[in-house]
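In UniProt numbering, the protein residues as written are 1 to 425. We put the beta carbon where it would ideally sit given N, CA and C, even for glycine. Step one of this worksheet: look at the structure below.
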């Protein structure tokens, strides 16, 4: 009788493999539960066979998104394996590893760190430092440390991972991921130049891998695309918008080729490009990129989604700013020609457009600066200071105190105040 029951359990486990490969998680879970009932009755609830089935149940539950139940099954499997097999057995280590990844998905990163560290401690004793299982554990541990804000510790782990991978040469996808990981951590520490060096080397390796035919399709997005994205964002943070634009254009071309125009990733790049264009006063290009992004997001999220609405407002403001900039530029030309009256009419038209929304932007700040300049020429310092103060207020709101345009306006405003004080004394 027991032999027949065991054969039945084995048959169910064979079906589990088929169903799991088919991603039919409901059937996979059902046959595992059947096998577990048989194994528990035949061998006891703390048998090695029961632990293996509990482990597989944990995997299925995780795959269908039931992380809480997955952890319960995996922890039960771990208790049995520790008792029956010991801490250093390969199955126990594998359970530590799997629990670590699920805990990380739950954002229980302190517990995930503990699991990865336990697995790593054993694996480093029995496996060479460059073994794939060891380097994967480095990745998991570094990610958990990063999510807890332990950036320096995470960098150390990534460097251990990198050192292990480099034993097989630098031109490999694993090395690219290690460089990416270190660069992201350096960026969080505001060591932006160091981060860029890592990313530049990662890009060089990606290009070599593509030439060798080892990257292609979605792998291009995972390796090269992610690296280009990170570099573009760092360059934007450094306010090197021209260089950021070139990097983001390359990323966009890659995405259009590999995942298509309507991909959410492509939409994200259009959004990032729009910001870079705007910072360079390339309003037409910013409008085009924003329009592309909103078209993709509407299909992806629906017209009523908060992010889509936000993008729509942003696009409307860009269209508004396009008109404001045109009026300001024409006003500057008329002022240069000596026609201050016409210039002021154009500036007031720009302010009228602004007041329809009363949403600040650098473009309207520039208009108030232009008005201030005319008032200075007319010797009306108090009116010049009032316009300058309005411009400075808008600059600070929209660009922040550290932006070069804000700093320039602060200096000019101080100069005007100083002149007024000198005139009064």
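Cα-Cα, which of 196, 128 and 185 is closest to residue 163?
128
Buried or exposed by the 16-neighbour rule on C-beta atoms within 10 Å, applied to residue 423
exposed
C-alpha distance - residue 330 paired with residue 107, whole-angstrom precision:
54 Å
Grab me the residues of residue 46's own chain with a C-beta within less than 6 Å of its C-beta, minus the 5 sequence neighbours each way, in chain order.
80
Does the pairing of the region 299 to 318 with the region 335 to 353 give three or more beta-carbon distances under 8 Å?
no
Touch check for the region 94 to 114 and the region 123 to 142: three-plus C-beta pairs under 8 Å?
yes
Here's the rule I'm using: 16 or more other beta-carbon atoms within 10 Å means buried, otherwise exposed. How should residue 206 be labelled?
buried
Taking the alpha carbon of residue 252 as the point to measure from, which residue in 237, 238 and 226 has its own alpha carbon closest?
226
With 16 as the cutoff for other CB atoms within 10 Å, does residue 14 come out buried or exposed?
exposed
Report yes or no: do three or more beta-carbon pairs, one from the region 302 to 309 and one from the region 268 to 284, lie closer than 8 Å?
no
DSSP state of residue 372 mapped onto helix, strand, coil
helix
Taking contact to mean at least 3 C-beta pairs separated by less than 8 Å, is the region 58 to 78 in contact with the region 35 to 42?
no
Would residue 237 and residue 192 qualify as a contact pair, given that the criterion is a beta-carbon distance under 8 Å?
yes
Exposed or buried, which one is residue 169 when buried takes at least 16 other CB atoms within 10 Å?
exposed
Alpha carbon of residue 2 to alpha carbon of residue 49, nearest angstrom:
At residue 2, the pLDDT of 39 sits below 50, so the modelled position is not reliable; the number obtained from the coordinates is stated separately. CA-CA distance, residue 2 to residue 49, rounds to 14 Å.
May I ask which residues mark the beginning and end of the alpha helix (DSSP H) holding residue 11?
2 to 21
Are the CB atoms of residue 369 and residue 375 within a distance shorter than 8 Å?
no
In chain order, each alpha helix (DSSP H) run of at least 4 residues that lies wholly inside the region 144 to 205:
151 to 166 and 173 to 188
How big is the Cα-Cα spacing for residue 267 and residue 319?
19 Å
Reducing DSSP to helix, strand and coil, say where residue 100 ends up.
helix
Can you grab the Cα-Cα spacing for the pair residue 88 / residue 82, in whole Å?
The straight-line gap from Cα to Cα measures roughly 9 Å.
Secondary structure, beta strand (DSSP E): runs of 3+ residues fully inside the region 312 to 337:
none
With burial defined as no fewer than 16 other Cβ atoms inside 10 Å of the residue's Cβ, what is the status of residue 184: buried or exposed?
buried
Confirm, please, whether the CB-CB distance from residue 243 to residue 270 is below 8 Å.
no
Are residue 182 and residue 159 close, meaning C-beta to C-beta below 8 Å?
Yes; because the gap between Cβ atoms is below 8 Å, this pair is in contact.
Quick one: using the 10 Å Cβ neighbour count with 16 as the cut-off for buried, is residue 262 buried or exposed?
exposed
Could you check whether residue 408 and residue 381 sit closer than 8 Å to each other, using their CB atoms as the reference points?
no
Three-way DSSP call (helix, strand, coil) for residue 115 in this model:
helix
Neighbour-count burial assignment, residue 12, 16 or more Cβ in a 10 Å radius:
Around the C-beta of residue 12, 16 or more other C-beta atoms lie within 10 Å, and the residue is accordingly described as buried.
Grouping DSSP H, G and I as helix and E and B as strand, with all else coil, what is residue 410?
helix
According to the neighbour-count rule (16 or more other Cβ atoms, all chains shown, within 10 Å of its Cβ), is residue 421 buried or exposed?
exposed
Assuming residue 165 and residue 130 are in contact, meaning their beta carbons sit under 8 Å apart, how far apart are those beta carbons, in whole angstroms?
Contact annotation, residue 165 with residue 130: C-beta distance approximately 7 Å; criterion of less than 8 Å satisfied.
Beta-carbon of residue 242 versus every beta-carbon of chain D: anything under 8 Å?
Absence of chain D from the displayed structure is noted, only one protein chain being present.
Look at residue 296 and residue 258 and say whether their C-beta atoms are less than 8 Å apart.
Contact flag unset, no.
For my contact list, residue 55 and residue 28 are in at a C-beta cut-off of 8 Å; report their separation, rounded to the angstrom.
With a Cβ gap of about 13 Å, residue 55 and residue 28 do not count as contacting.
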